[in-house]
Structures are given as C-alpha cells and as structure tokens.
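In terms of our numbering, the sequence shown opens at residue 15 and continues consecutively.
C-beta: ideal position from N, C-alpha, C; glycine also.
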Amino acid sequence: MHFITNLISPPHAPEAIDAYLEFGDKQLVLACRRGEAAAWSVLVNRYQRLIYSIPRRAGLDEDHAGEVFQRTFFKLMQNLHQIEHPERVRAWLVTTARRETLRLIQQVSAEQPLSSLDVTPDEEHDRLPGEDLERLEEQHLIQQALAQMDERCRHLLLLLFFRPEPVPYAQISAALGMAETSLSPTRTRCLQKLRRILREMDF
C-alpha cells in the first residue's frame, strides 16, 4: 500500500507535510498538478482508509484490496489534469475504486473456479457495508470542513462533539482561554460556519 504514496514522492519531513494538512481537496489537487509531492502524500493519506474499505467490503482479501487501492490512485495520478471538478475528487476516487473492485472481481473470477475465491466478507466487513461506507465518506467530509475553519472554531467543535466522552465546559473554557458564558454563542457561530462549508462541499 506504500507503493502509490512513494510513487512520485520520497519521504517528507513532518513540517513539509504540515503545510498541506489544512488544504481542502481542490487545493491539494491543484498542488499535485504543480508537482508538489508532499500534497500528493497528504491526498493519498487522507483517502487511504476510505478507498481501501471499498474492496474489503466487497469481500476481497487484503492483497486484492491493496491492488484496487493502487489502481485507483494510479488512475488519479494519470488523470489529475483531466478532472473537471477537483473539489469533488473524493467522489471521483470512490467511483473509480468501485469500478476497479468490480473489474478485479471479474478478472479473478475468470481466472479461478468460483468455489476457490475468497470473496466472502468476514464479520468485521459485513456489517451494513453501504451504511458503513457512507459514514466513512461523511467523516472525511467533516474532517475536511473542520480543517478549513479557523483554529478556535475547529478546536471548540472538536472538544464539544468529537471526543469519546463529554468534556466539561469549565475544561473547554480553560483549554481555549474563553469565558464559559462565551462558549454557547461561539458554538452556534462555529456550527453555522461548518454547515456553510459542508454545503459548499455538496454535503
């Protein structure tokens, strides 16, 4: 799975990657078109889990899933300059991964007896595959939207809504250096910003 990540870029220092982590998809694709290898690494890492999950939920084993992953990102690299809407690269990747999954299933089926194929999803990957995939896509969109927000809003929403356990307002207030009375109105404004960004991303 590291083949595609390293295909056009050597390992990068953390500071080289950090500059791209807050980029939206459109910015990343445009940076990739300019040959900025660190942007490619960030783009691949951003969607690695999502794309890898598509063939796995279709019942392919890890080796075949890795092949779908590599084919998908190789096609992206080939078509970077042809994508009309770079802000929708996530949808492009999902569609391509689904096509490559189907193509590989057909290819393997033609090469092996049906009874010998390992295309039965295990328990982990068989639970509500459509809903799981949709949830993963939503999580990616929300992460991208949060990355586009100012630091205070991003940290506030992460503390309020993305922790396994509720964080007390007093603790949030201390962490952000804000009065507790300011948290609720700030939360409202930040949620409005988040919704606006998500609408722009066709969420």
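- The region 81 to 93 makes contact with the region 106 to 124, as at least three CB pairs between them are under 8 Å.
- Considering only GLU179, HIS154, PHE37 and GLN162, the residue with the shortest C-alpha distance to ILE65 is HIS154.
- Nearest neighbour of GLN120 by Cα position, chosen from VAL108, PRO69 and GLU101, turns out to be PRO69.
- When the beta-carbon positions are compared, VAL103 and VAL43 come within less than 8 Å of each other.
- In the structure shown, the three-state DSSP call for ASP164 is coil.
- Around the beta-carbon of GLY191, fewer than 16 other beta-carbon atoms lie within 10 Å, marking it exposed.
- DSSP, read as helix, strand or coil, puts GLN92 in helix.
- Your pair LEU170 and CYS204 checks out as a contact, with CB atoms roughly 6 Å apart and the cut at 8 Å.
- GLN158 and ASP39 do touch by the CB rule: their CB atoms are close to 6 Å apart, below 8 Å.
- In this structure, SER187 sits near GLU194, with a CB-CB distance shorter than 8 Å.
- In the structure shown, the three-state DSSP call for ASP32 is helix.
- In the three-state scheme derived from DSSP, where H, G and I count as helix and E and B as strand, ARG71 is classed as helix.
- In the structure shown, the three-state DSSP call for GLY191 is coil.
- Cβ neighbours of ILE211 within its own chain (closer than 8 Å, five residues either side excluded): ALA159, GLN162 and MET163.
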